[in-house]
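Chains as they are written, first to last, in this note's numbering: chain U, 5 to 154; chain Z, 1318 to 1647; chain L, 23 to 405. Virtual Cβ for every residue (Gly too), placed ideally from N, Cα, C. Below: the structure, in structure tokens.
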Amino acid sequence: MTAADAAARLREQFAVEPTVDGSLVSAAVAPEQWQPVARFARSTLGCLYFSFLTAVDWKEQGMEILCRVENLDARLAVMLRTRLAAGVDRCSTLTGIWRGADWMERECWDMFGVRFDGHPDHRRILLGEDWEGHPLRKDYAVDTPHAPYR
Amino acid sequence: MTLPPLAYHALVGFVVLNVVIGMVTYVTLLERKFAARMQSRIGPYYVGPHGLLQPIADAIKLMIKEDVVPTAADRWVYNLAPIVFLVPCVLIFATLPFAPGLGVADLNIGVLFFLAVSSLEIVGLFMGGWGSNNKYALLSAMRAVNQIISYDLPFVFAALVPVVLAGSLQMSVIVEAQRGLWFGAYPVIGWLSFIAFLVATLAAENRVPFDILEAESELVAGFRVEYSGMKFALIQLGEYAHMIGTSFLGALLFLGGWLGPGSDYVLIGAFWFLLKAMLVFLVITWVRWSFVRIRVDQILAISWKLLLPASLVLLLAAAFWVAVRGGHGA
Amino acid sequence: MVHQTVEIGYGGSERLTMNMGPQHPSAHGVFRAILTLEGETVVGVDAVIGYLHRCHEKLGETLTYVQYPSIASKTDYVAAMTAELAYVSAVELVGKIDVPKRAQWLRVLAAELQRVASHCLWLGTWCMDMGGALGGGATVFLYAIREREDILDLFESLTGARLLYGFHQPGGTRYDLPAGWTEQCRKTLDRVEQRLGEYEAMLEDNAFFLVRTQGVGVISRELAQEIGVSGPLLRGSGVNHDLRTAAPYSSYEAFEFRVPVETAGDCYARYRVRMVEFRESIKIARQALDGLPEGPISSRPGVKSVGQVRVPKGEGYARVEGARGEVGCYLVADGGAKPYRLKWRGASFSNLSVLPHILPGVKVADVVAIMGSVDPVFGEVDR
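Given below as structure tokens:
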């Protein structure tokens, strides 16, 4: 399975426009397609390896969720991305597809405040349970002192 | 001038007790220096010439440290445990003869007394683990009971082989029976039972690779995790005293005690005895600083599946041999 | 998932919850595991991390491309060279900055020495986990730390620092080799290589070491991939994946070396992988010393201002094979002197997240052995 094959498969299955850069296929999908595309990447494209999941805060253009998975045997990497509408902070979980998504999604909730529906253990991971706000959001006030650091 | 017997024994006991405590402090220095050499470092060096005063500095430090009792601890059990632990560890020296006629009491059941008293340390150990009201200490106490009970049997059986060979439970008789050949060098039966004795000693002393009660990488410090200052010092003292006592026993039972060139003189005999005991101690130390710790289930498996049957067979073999060829007793 | 518990034996009515860490001799920093025990057996694990969290990703957004590399080394402070390398690689990838050949080779040299130094620390601490600070483990620890010191001495004469180097910068390296360094390096490598054999003899000929490691903490090939573990853990589970060969960066294609793969997936397999990596790294470092090309060490010599490096709008994911696995940097640039978004994919984070899946069912003593074999560095887990 080459990157071009994978891109073609994705194109016919989900009507998306993947870009190919070397061995990396990048596909932007709609939020409701997030789980089906991921399942497809795992079962059909053979991307068993879960590299990372994160988010980028594009301010008024909404939150983008990124997930990179790989097929190590074919040396194929797939970067899945989905854009949540501005003000939306819910996304479906990938924990049922890759177990490695567990901690990554918790970190994403911790840092960006994105809720992953269906996550089995939806707690903060790096910050304390009593932390207010989600620091990696662009609107997070860095210079405002937080208790107990005044 | 002759002293009344009670005063005489009290005096000897006092001297032996102090010699033992002094030895314990210096044996720690010996072990630290020895370990340092093995690990390509120097070890204690700055207190006194070549660190010779280090044990004393440590003792003073421990004595003047604050005594912390956890609020949740069971105060009575917690405070009593170091004493209950220490007493049997020191008491075992009562029947050890250091040289012909030099010792507190050369009982005719000396070995039995030693074995019986030395396994009492488990009571203090468990009290400490239980009374601390700490989960690490509790787990450690649990492991202690498992391990020490498992290893007492092979320890006793291995120690009984020389008893059978010599035909006596009296330490001095056992030593004298080795005049021709040390029991540690006695073909096959002696060799194997000496090895079994060493392994069982390691386990009974909770030394690496059997130090699962202390296990500082899992249980932090095991049953003594909550002890500090003088109580901690008492536990350490007890542990090392027990270890030296067992090394003495090993030297007596297997390495011919005080026998050696010129051993008719009491002091030379005592010197040989100490030398042999320190050799046993250094072997234990050597093993300690070169092995990794094994798991509790593996420790129990070694005891029940290997060491216990093996030592039992050895004991039977020794008994059979003595029945056929006659013993070595005087 | 995380709260999964396994029912063993007598119905599980006598459970003990034991807290291990963050202050614990085997916490490897500040790991906290809340263990549920039945007797000696672990039936449930709740892993708590974040005690060392400094929000490196936010820091990355507030510092310029020139300032951040020396901070990047603080993510994985045990292998700072590769952490820096991941960041500057990402900057160079997105900014399309060339790196001269000599700088690439110097980076390989530094990365491989760093791998040796990092594995030294792993070997020592792992043995200490199993053998105790008052036992045979401490002996191995002191031996291994002695070798690490030798390599840190090399780094000290190269960069002036022993732990956090600031050696890499976008476009190349900051320092060239000082006079006499090559000979010193060769001598150190010879010494380390010779002593590796001693450690192997000390550990592998020891039955107790074998029973503690073989068959303990098995990570299946499938689980390893699903979790996304990398480095020696992944290769110990039978996946032949090393970024140095799978996606060569920084001229790794010019070097000859072997990628060790073990299939057992237990602690011993991971140990074997790392021991072979030791030797392969030494081999690569020797090749780098032999064939070091002449030329400039940076395509952007001299730092005149902190905002000097500007990266055009774009994004990219650069990754390197660190001592613990895939250290990746996902960088989104908006054309300024600072990144818009910086994501660290720490190898230790993914590696550690395998623990809740493999710990249930093992004994307490194995918890520390398994954790040591994962080799987490908490600077990289918590970032």
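List, in chain order, every chain Z residue whose beta-carbon is nearer than 7 Å to that of residue i.
{"i": "L/G159", "result": "V1609"}
{"i": "L/C149", "result": "V1609"}
{"i": "L/F230", "result": "P1526, F1608, V1609, I1611"}
{"i": "L/R234", "result": "V1609, I1611, R1612"}
Who pairs with residue i in a beta bridge, going by DSSP?
{"i": "U/V33", "result": "U/T86"}
{"i": "L/K385", "result": "L/T63"}
{"i": "L/K365", "result": "L/Y352"}
{"i": "L/N228", "result": "In DSSP, L/N228 forms no bridge with anything."}
{"i": "L/R54", "result": "L/V70"}
{"i": "L/Q191", "result": "L/G194"}
{"i": "L/M40", "result": "L/L57"}
{"i": "U/L80", "result": "U/N75"}
{"i": "U/F54", "result": "U/V73"}
{"i": "L/A307", "result": "Partner(s): none; L/A307 has no beta bridge."}
{"i": "U/L28", "result": "U/D25, U/A81"}
{"i": "U/M67", "result": "U/D61"}
{"i": "U/D121", "result": "U/S96"}
{"i": "L/Y339", "result": "L/Y352"}
{"i": "Z/S1485", "result": "DSSP, once it has assigned bridges, lists no residue as partnering Z/S1485."}
Could you name the residues of chain L that residue i contacts, counting a contact when the two beta carbons are closer than 8 Å?
{"i": "U/V146", "result": "K80, T84"}
{"i": "U/R79", "result": "A268, A269"}
Hey, how far is the Cα of residue i from the Cα of residue j?
{"i": "U/V33", "j": "U/S96", "result": "13 Å"}
{"i": "L/G317", "j": "L/R184", "result": "26 Å"}
{"i": "L/S395", "j": "L/G287", "result": "11 Å"}
{"i": "U/D76", "j": "L/S370", "result": "Just to set this straight, residue 76 of chain U is Leu in the shown sequence, not Asp. Answer to the nearest angstrom: the Cα atoms are 19 Å apart."}
{"i": "L/E275", "j": "L/L311", "result": "16 Å"}
{"i": "Z/F1514", "j": "L/G250", "result": "49 Å"}
{"i": "Z/G1418", "j": "Z/S1564", "result": "20 Å"}
{"i": "L/A49", "j": "Z/N1451", "result": "19 Å"}
{"i": "L/Y90", "j": "L/V214", "result": "32 Å"}
{"i": "L/I306", "j": "L/F189", "result": "19 Å"}
{"i": "L/R124", "j": "L/T195", "result": "9 Å"}
{"i": "L/M23", "j": "L/I380", "result": "Only weak support is given to the placement of L/M23: the predicted model assigns it a pLDDT of 41, under 50, and the value that follows is read from those uncertain coordinates. Each residue's Cα considered, the two are about 11 Å apart."}
{"i": "Z/M1560", "j": "Z/F1351", "result": "16 Å"}
{"i": "U/L28", "j": "U/A7", "result": "6 Å"}
{"i": "U/G137", "j": "U/G117", "result": "8 Å"}
{"i": "U/A11", "j": "L/F230", "result": "52 Å"}
Whose Cβ in chain U lies nearer than 9 Å to the Cβ of residue i?
{"i": "L/A291", "result": "Here the premise fails: no neighbours, minimum Cβ distance about 18 Å."}
{"i": "L/V52", "result": "Those do not exist, as L/V52 stays about 12 Å from chain U at its closest Cβ, beyond 9 Å."}
{"i": "L/G72", "result": "D114, R128, I129, L130, L131, G132"}
{"i": "L/V333", "result": "Under the 9 Å cutoff, chain U gives no residues; its nearest Cβ is about 16 Å from L/V333."}
Round the Cβ separation of residue i and residue j to the nearest angstrom and send it over; I've been treating them as touching at under 8 Å.
{"i": "L/V349", "j": "L/A105", "result": "6 Å"}
{"i": "L/A355", "j": "L/V116", "result": "5 Å"}
{"i": "Z/Y1557", "j": "Z/V1344", "result": "6 Å"}
{"i": "L/K96", "j": "L/G344", "result": "At roughly 14 Å, the Cβ-Cβ gap does not stay under 8 Å, so L/K96 and L/G344 are not in contact."}
{"i": "Z/L1554", "j": "Z/S1457", "result": "Not confirmed; about 19 Å, so no contact."}
{"i": "Z/V1542", "j": "L/E62", "result": "That pair is no contact at about 17 Å."}
Which chain U residues sit within Cβ distance under 7 Å of residue i?
{"i": "L/C351", "result": "Within 7 Å Cβ-Cβ: nothing; L/C351 doesn't reach chain U, min ~11 Å."}
{"i": "L/H141", "result": "The contacting residues do not exist; L/H141 stays about 23 Å from chain U at best."}
{"i": "L/C77", "result": "P139"}
{"i": "L/V261", "result": "L76"}
{"i": "L/D404", "result": "L130"}
For a contact meaning CB atoms closer than 7 Å, what does residue i contact in chain L?
{"i": "U/G104", "result": "E248, I249, G250, S372, S375"}
{"i": "Z/R1496", "result": "Those do not exist, as Z/R1496 stays about 37 Å from chain L at its closest Cβ, beyond 7 Å."}
{"i": "Z/S1489", "result": "Under the 7 Å cutoff, chain L gives no residues; its nearest Cβ is about 36 Å from Z/S1489."}
{"i": "U/G58", "result": "Note that residue 58 of chain U is Thr in the sequence shown here, rather than Gly. In chain order: Y352, K365."}
So which residues on chain Z does residue i lean against when the C-beta distance must stay under 8 Å?
{"i": "L/S48", "result": "S1534, E1535"}
{"i": "L/D68", "result": "Going along chain Z, no residue has its Cβ under 8 Å from L/D68, so there is no contact; the nearest lies around 16 Å."}
Please list the partners that residue i has in chain L, where partner means a Cβ-to-Cβ separation under 9 Å.
{"i": "U/S55", "result": "G250, S252, Y339, R341, E348, G350, R367, S372"}
{"i": "Z/R1354", "result": "Residues of chain L passing the Cβ test: none, with the nearest at roughly 11 Å."}
Q. Pairing CB atoms from the stretch 1486–1500 of chain Z with CB atoms from the stretch 1425–1445 of chain Z, are three or more of them under 8 Å?
A. Under the three-pair Cβ rule at 8 Å, the stretch 1486–1500 of chain Z counts as touching the stretch 1425–1445 of chain Z.
Q. Is there contact between the stretch 83–92 of chain L and the stretch 349–369 of chain L, where contact requires at least three CB pairs shorter than 8 Å?
A. Contact holds: three or more Cβ-Cβ distances are below 8 Å.
(Q) For the stretch 1490–1501 of chain Z against the stretch 1568–1577 of chain Z, do three or more pairs of beta-carbon atoms, one drawn from each stretch, fall closer than 8 Å, so that the two count as touching? (A) These segments touch.
Q.
Under 8 Å: do the stretch 20–36 of chain U and the stretch 77–86 of chain U share three or more Cβ pairs, one atom per stretch?
A. Segments in contact, yes.
Q. Below 8 Å, can you find three or more Cβ-Cβ pairs linking the stretch 1589–1609 of chain Z to the stretch 1440–1453 of chain Z?
A. Counting C-beta pairs with one atom in each stretch, the stretch 1589–1609 of chain Z and the stretch 1440–1453 of chain Z have fewer than three that are closer than 8 Å, which means they do not touch.
Q: Determine contact between the stretch 238–254 of chain L and the stretch 206–224 of chain L, defined as no fewer than three beta-carbon pairs at a distance below 8 Å.
A: Contact between the stretch 238–254 of chain L and the stretch 206–224 of chain L is absent: fewer than three C-beta pairs spanning the two stretches fall below 8 Å.
Q: Decide yes or no for the touch test of the stretch 38–49 of chain U against the stretch 219–239 of chain L: beta carbon pairs closer than 8 Å, at least 3 of them.
A: They do not touch, by the three-pair rule.
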